[in-house]
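Report on the structure given below.
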Amino acid sequence: ATPVVVAIDGPSGTGKSSTSKAVAARMGLRYLDTGAQYRAITWWMLNAGIDVDDAEAVAAAAGKPTIVSGTDPLAPTITVDGTDVAAPIRGRQVTGAVSAVSAVPEVRARITELQRSIAAGAAEGIVVEGRDIGTTVLPDADVKIFLTASPEVRAARRSAELAGRAGSSAPTAQAGSDVAATQAALLRRDAADSRRKTSPLAKAADATEVDTSELTLEQVIECVVTLIEERG
Ligand code: C5P
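Counting from 7, one number per residue, gives the positions in the sequence shown under the UniProt record's numbering.
Dropping the structure here:
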């Protein structure tokens, strides 16, 4: 059998990463987080002192860093010029700058080429998650899924994720306003990603949309596994 290629797209906070990693692990497939690649090139731009709002400067530098993604779903890795950037690419600075950098066509061309070569090299098949995988990067993917969720649910999930990462599990009086701030930032990023000219966040015509608002992670995983098993 030919290796299965699965494209999972959607806005932030829909459970794309958790779902994609679990599905890949369960089905013995590789896993590629394309958002991490855009975050990695953004991290490099910030580190190099490049003004991320200067599209020409970003375009001119787009070919400089070497980005390497490890595709084990149980332990995905990401390096830039040999430096492990898994932690800093999740920071506020990179999150605030990534939409501007990823809107630059030269950046997208470079990263898209990298993504296609990783997918082509995955002999056992791969789950690729992002914003434009089903529409642009891998239009011939065997299975295309578009995950959605209400803005409230997405903001709540992202806030919980950030709190977990910071190691603060106890709820605080700040929680309500944190969710509101997270929701505003997340909607801004999705709006920018959806409005950009080059391969915006969009559902492919032949993608299956799954609204995850009322589903547990396990239910979403099972839904996606079923769609893969029933393909063709
Ligand atoms: O998925 P994640 O939130 O890590 O993605 C970070 C950013 O990378 C997105 O907000 C978007 O600007 C960009 N991105 C993209 N195309 C993809 C994946 C991510 O433009 N396929």
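Quick reminder that beta carbons are idealized off the backbone N, C-alpha and C, glycines included.
Computed from a predicted structure; not experimentally measured.
Any 3 or more C-beta pairs closer than 8 angstroms across the stretch 158-169 and the stretch 70-83: Between the stretch 158-169 and the stretch 70-83, the count of C-beta pairs closer than 8 angstroms stays below three; the two stretches do not touch.
Which class does residue 193 belong to by DSSP, given the choice of helix, strand or coil? One-based indexing of the sequence shown puts residue 193 at position 187. Correct three-state label for residue 193: helix.
Could you check if residue 203 is buried or exposed, using at least 16 other CB atoms within 10 Å of its CB as the buried criterion? The sequence position of residue 203 within the sequence shown is 197, counting from 1. Flag for residue 203 reads exposed.
Taking the straight line between their C-alpha atoms, what separation do you get for residue 88 and residue 157? Here the question's residue 88 lines up with position 82 in the sequence shown. Here the question's residue 157 lines up with position 151 in the sequence shown. About 37 angstroms.
By the 10 Å Cβ neighbour count, where 16 or more other Cβ atoms means buried, how is residue 145 classified, buried or exposed? Position 139 of the sequence shown, counted from the first residue, corresponds to residue 145. Under the 10 Å beta carbon count, residue 145 is surrounded by fewer than 16 other beta carbons and is classified as exposed.
Exposed or buried, what is residue 105 when buried is set at 16 or more other beta-carbons lying within 10 Å of its beta-carbon? Along the sequence shown, one-based indexing puts residue 105 at 99. Buried, by the Cβ-count rule.
Would you call residue 222 buried or exposed, if buried means 16 or more other Cβ atoms sit within 10 Å of its Cβ? Translated into positions along the sequence shown, residue 222 becomes position 216. Exposed, by the Cβ-count rule.
Shorter than 6 angstroms, the distance from the beta carbon of residue 59 to the closest heavy atom of the ligand C5P, or not? Residue mapping note: residue 59 aligns to position 53 of the sequence shown, counting from 1. Result no, Cβ not under 6 angstroms from the ligand C5P.
Which stretch, first to last residue, makes up the alpha helix (DSSP H) that contains residue 123? If you number the sequence shown from 1, residue 123 lands on position 117. Annotation: the continuous alpha helix (DSSP H) that includes residue 123 extends over 111-127.
With a threshold of 16 other CB atoms inside 10 Å of the CB of residue 57, please say whether the residue is buried or exposed. Indexing the sequence shown from 1 puts residue 57 at position 51. So residue 57 ends up on the exposed side.
I'd like the list of long-range same chain contacts for residue 201, defined as Cβ closer than 8 angstroms, with 5 residues on each side in sequence excluded. Taking the sequence shown and counting its residues from 1, the one referred to as residue 201 is at position 195. Around residue 201: no qualifying Cβ.
Does the stretch 121-139 come close enough to the stretch 201-220 that 3 or more CB-CB pairs lie under 8 angstroms? Yes, since at least three Cβ pairs between the stretch 201-220 and the stretch 121-139 fall closer than 8 angstroms, the two stretches touch.
State the DSSP-derived secondary structure class of residue 135, mapped to helix, strand or coil. Position 129 of the sequence shown, counted from the start, is the residue given in the question as residue 135. Reduced to three states, the DSSP call for residue 135 is strand.
Is the closest heavy atom of the ligand C5P to the C-beta of residue 20 under 6 angstroms? Against the sequence shown, residue 20 aligns to sequence position 14. Taking 6 angstroms as the cut-off, one finds no heavy atom of the ligand C5P near enough to the beta carbon of residue 20.
Give the range of the alpha helix (DSSP H) segment to which residue 204 is assigned. To locate residue 204, count along the sequence shown from 1; it is residue 198. In the DSSP assignment, residue 204 falls outside any alpha helix (DSSP H), carrying neither H nor E.
Going along the chain, which residues of its own chain have a beta-carbon closer than 7 angstroms to the beta-carbon of residue 196, five neighbours each way excluded? Translated into the one-based positions of the sequence shown, residue 196 becomes position 190. For residue 196, where only same-chain residues beyond five positions count, the Cβ hits under 7 angstroms are 17, 18 and 207.
Measuring only from the beta carbon, is residue 40 closer than 6 angstroms to any heavy atom that is part of the ligand C5P? By 1-based counting over the sequence shown, the position of residue 40 is 34. True, at least one ligand heavy atom lies under 6 angstroms from that Cβ.
Beta-carbon proximity list for residue 121, same chain, < 6 angstroms, skipping 5 on both sides: Reading the sequence shown from its first residue, position 115 is the one you call residue 121. So the list reads 40 and 143, once near-sequence residues are dropped.
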